[in-house]
Amino acid sequence: MGIWVRERSFYSMFIRLTVLIGLQNIITLGVNLSDNLLLGGYSESALSGVALANQIQFILHMLVMGAAEGLVILSSRNWGAKNIDAIKRASSIGMRIALAVSVIMWAVVFFFPHGCLSLFTNEQNVIAEGAKYLKIICFSYIFFAVTNILLAALRSVEVVRIGFLVSLSTLIINVCLNYLLIYGHLGFPRLGVSGSAIATLTARVIECVIVLTFVKKFDQRIRFKLKDFYSIDKSLFKQYLRIGSPVLMANLLWAVSMGAQTAILGHMGEAAIAANSVANTIFQLVTVVTYASASATAVIIGKTIGEGNTGKVISYSKTLQLLYLIIGVLTAVLLFAVKDVVLDLYAISESSKTLALQFMTILSVTVVGTAYQMPALTGIVRSGGDTKFVLYNDFIFMWLIVLPASALCAFVFDLSPVITFMCLKCDQILKCFVAIVKVNRYRWIRVFDERGGKPKDAGGNVAT
Numbered sequence: 318m319g320i321w322v323r324e325r326s327f328y329s330m331f332i333r334l335t336v337l338i339g340l341q342n343i344i345t346l347g348v349n350l351s352d353n354l355l356l357g358g359y360s361e362s363a364l365s366g367v368a369l370a371n372q373i374q375f376i377l378h379m380l381v382m383g384a385a386e387g388l389v390i391l392s393s394r395n396w397g398a399k400n401i402d403a404i405k406r407a408s409s410i411g412m413r414i415a416l417a418v419s420v421i422m423w424a425v426v427f428f429f430p431h432g433c434l435s436l437f438t439n440e441q442n443v444i445a446e447g448a449k450y451l452k453i454i455c456f457s458y459i460f461f462a463v464t465n466i467l468l469a470a471l472r473s474v475e476v477v478r479i480g481f482l483v484s485l486s487t488l489i490i491n492v493c494l495n496y497l498l499i500y501g502h503l504g505f506p507r508l509g510v511s512g513s514a515i516a517t518l519t520a521r522v523i524e525c526v527i528v529l530t531f532v533k534k535f536d537q538r539i540r541f542k543l544k545d546f547y548s549i550d551k552s553l554f555k556q557y558l559r560i561g562s563p564v565l566m567a568n569l570l571w572a573v574s575m576g577a578q579t580a581i582l583g584h585m586g587e588a589a590i591a592a593n594s595v596a597n598t599i600f601q602l603v604t605v606v607t608y609a610s611a612s613a614t615a616v617i618i619g620k621t622i623g624e625g626n627t628g629k630v631i632s633y634s635k636t637l638q639l640l641y642l643i644i645g646v647l648t649a650v651l652l653f654a655v656k657d658v659v660l661d662l663y664a665i666s667e668s669s670k671t672l673a674l675q676f677m678t679i680l681s682v683t684v685v686g687t688a689y690q691m692p693a694l695t696g697i698v699r700s701g702g703d704t705k706f707v708l709y710n711d712f713i714f715m716w717l718i719v720l721p722a723s724a725l726c727a728f729v730f731d732l733s734p735v736i737t738f739m740c741l742k743c744d745q746i747l748k749c750f751v752a753i754v755k756v757n758r759y760r761w762i763r764v765f766d767e768r769g770g771k772p773k774d775a776g777g778n779v780a781t
């Protein structure tokens, strides 16, 4: 069996899904970039405050995406088996979980904004700016949850263009309102960070309305009706929890660890906060293809397993790993090439610019590891059915290695932010060695029993 798949349909599906999901992701990140650029010109405290507030938003994002990824794993298999009813029932479960998470997050953030932000920094001016943003943006959480669960259900049946159109509308609305409300142009009030929050909230409401309209009027594959979300299939719920709870827990641990990373750098000064915000925003922008390839992989692997083609799953996984490496090298070159140009767009201090430049240089090396291990583990292994492995792997690397070592660098040995940042990102390379072994053993291929029984491996044995 060759390493490269010789099916034109495979490459067509991978490229189409990756490009459309990537465009959606890049536009979504463009919203954050526009916030950063406009707020960076307003004040560095505003930029840093919103950067910390977005760490809390990131926790919500990862939890909702955890519910969505569990939905994609189940639904893409049912799409391969042409079981639309099971997709509707899985979507109902995913929606309830996402809504529960968003309501809890809203309550915590709305009533304790200063307490939440003080976990990341002691800079009172940064906390004050971030609290203004949080008190408004938290009302977008429910709309965000509804939108992304519906988009995940559509993505699992290969409907991805609507996600791109929704993200484009959000970007346009957000940029325009940011321009008007942050600085008070064209007669609008000068609201600063509050204006940025209002702009994003408005955009989230409108994108939710667009998705609901599409699902109701134009979707021809799932054809959701409101009654589909009234009841829960208990046997499918049991299966959803079996495969989805490790995904949800892994995403939660990852989100909290990102917050912990920000807190470590945040206690090293305002320059480190701003530099980390800039570097990570640009990093996320240039790695959209990497994250899109993971989402595309989840649909491809899930659908193929649902069709019962285990042999193809093995063949596809070999080719996908090579594609990830190619994406990683190209991304590294792009990030290294644009870092100086992008930094000139920011109105931040010279110390922050110097740190951001050093951070992006480090990321241009570690991104090759990210581009391979992240889609290999979350795209291939997780969608193949072994959802617990990614949870255990992330926990060991992040909570037992990276965070303790980084905390020692920052608070015990008093090392520079650059050394600490290198330590925070080292797992992106180390995980590659685990991913190579795990993926190429093929023990991650699991067949689920819709009645809620334990998953079985490709040989029909109950998986552990």
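Residue 772 in my numbering sits at position 455 of the sequence shown; the count goes up by one each step and never skips. Glycine is no exception: its CB is placed at the ideal position from the N, C-alpha and C atoms. All values reported here derive from a predicted model rather than from experimental measurement.
What distance in whole Å lies between the Cβ atoms of Thr604 and Thr517, which are believed to be in contact at a cut-off of 8 Å? The pair is not a contact, with the Cβ atoms about 22 Å apart (cut-off 8 Å).
Does the stretch 445 to 463 come into contact with the stretch 485 to 497, if we say contact requires no fewer than three beta-carbon pairs (one atom in each stretch) closer than 8 Å? no
Give, in chain order, every unbroken run of the alpha helix (DSSP H) that is at least 4 residues long and sits entirely within the stretch 325 to 399. 325 to 359 and 361 to 397
Taking buried to mean at least 16 other C-beta atoms within 10 Å of its own C-beta, is Trp787 buried or exposed? The displayed coordinates of the chain run from 318 to 781. Any statement about residue 787 would go beyond what the structure contains.
Does DSSP put Gly509 in a helix, a strand or coil? coil
Alpha-carbon spacing of Asn371 relative to Ser457, whole angstroms: Taking the straight line from one Cα to the other gives about 13 Å.
If we count the other Cβ atoms within 10 Å of its Cβ and call it buried at 16 or more, is Ala403 buried or exposed? buried
Mind checking whether Tyr500 and Gly387 have CB atoms under 8 Å apart? No.
Can you give the beta carbon distance from Thr345 to Ala613, rounded, assuming they're within the 8 Å contact cut? About 16 Å; that fails the 8 Å criterion.
Span separating the alpha-carbon of Arg394 from that of Val616: Arg394 and Val616 have their C-alpha atoms some 8 Å from each other.
Would you call the stretch 447 to 454 and the stretch 512 to 531 touching, i.e. three or more CB-CB distances under 8 Å? Per the Cβ contact rule, the stretch 447 to 454 is in contact with the stretch 512 to 531 (3 or more Cβ pairs under 8 Å).
Let me check understanding here. Comparing Cα to Cα, which of Leu662, Gly561, Ile599 and Arg763 lies closest to Gly623? Arg763
DSSP three-state assignment for Val492, whether helix, strand or coil: Three-state DSSP puts Val492 in a helix.
State the beta-bridge partners of Gly702 as determined by DSSP. Ile762
Out of Phe505, Gly583, Gln374 and Lys544, state which residue places its alpha-carbon closest to the alpha-carbon of Asn439. Cα-wise, what sits closest to Asn439 is Gly583.
Reference Ile410, options Ser634, Arg699 and Lys544, closest by Cα: Lys544
Candidates Ser473, Ala520 and Phe427, of which the one nearest Ile489 by Cα: Ala520
With burial defined as no fewer than 16 other Cβ atoms inside 10 Å of the residue's Cβ, what is the status of Arg325: buried or exposed? exposed
Stretch pair the stretch 572 to 590 + the stretch 646 to 660: three plus CB contacts closer than 8 Å: no
May I ask you to report which of helix, strand or coil DSSP gives Gln578? helix
Establish whether the CB of Ser552 and some CB of chain B are separated by less than 8 Å. This model lacks chain B altogether, as it is built from one protein chain only.
What does a CB cutoff of less than 7 Å around Arg538 pick up in its chain, not counting 5 residues either side in sequence? Val474 and Val476
Can you check the stretch 615 to 661 for any alpha helix (DSSP H) of at least 4 residues that lies completely inside it and give the ranges in chain order? 627 to 660
What distance in whole Å lies between the Cβ atoms of Val630 and Ile618, which are believed to be in contact at a cut-off of 8 Å? 6 Å
Between Val626 and the rest of its own chain, which residues show a CB-CB distance below 8 Å, the 5 nearest in sequence each way excluded? Note that residue 626 corresponds to Asn in the displayed sequence, not to Val. The answer is none, since no qualifying residue turns up.
For a quick check, are the C-beta atoms of Ser419 and Leu377 less than 8 Å apart? yes
Does the beta-carbon of Lys748 have 16 or more other beta-carbons within 10 angstroms, so that it is buried, or is it exposed? buried
Asp703: buried (16+ other C-beta within 10 angstroms of its C-beta) or exposed? buried
Output the boundary residues of the alpha helix (DSSP H) element that contains Pro721. Pro721 -> alpha helix (DSSP H) spans Leu720 to Ala724.
Out of Val426, Leu436, Ala445 and Cys740, state which residue places its alpha-carbon closest to the alpha-carbon of Gly366. Ala445
Can you list, in chain order, the residues of its chain with a C-beta nearer than 6 Å to that of Leu642? Leave out the 5 residues immediately preceding and following it. Excluding residues within five positions, the ones whose Cβ falls inside 6 Å are Tyr689.
What three-state label does DSSP hand Asp550 in the structure shown? In the structure shown, Asp550 sits in coil (DSSP, three-state: anything other than H, G, I, E or B).
For the alpha helix (DSSP H) that Asn442 lies in, which residues bound it at each end? Segment Gln441 to Ile454, the alpha helix (DSSP H) holding Asn442.
Where does His584 fall in DSSP's three states? coil
Using CA coordinates, which residue listed in Ile479, Asn597 and Met330 is at the minimum distance from Met677? Asn597
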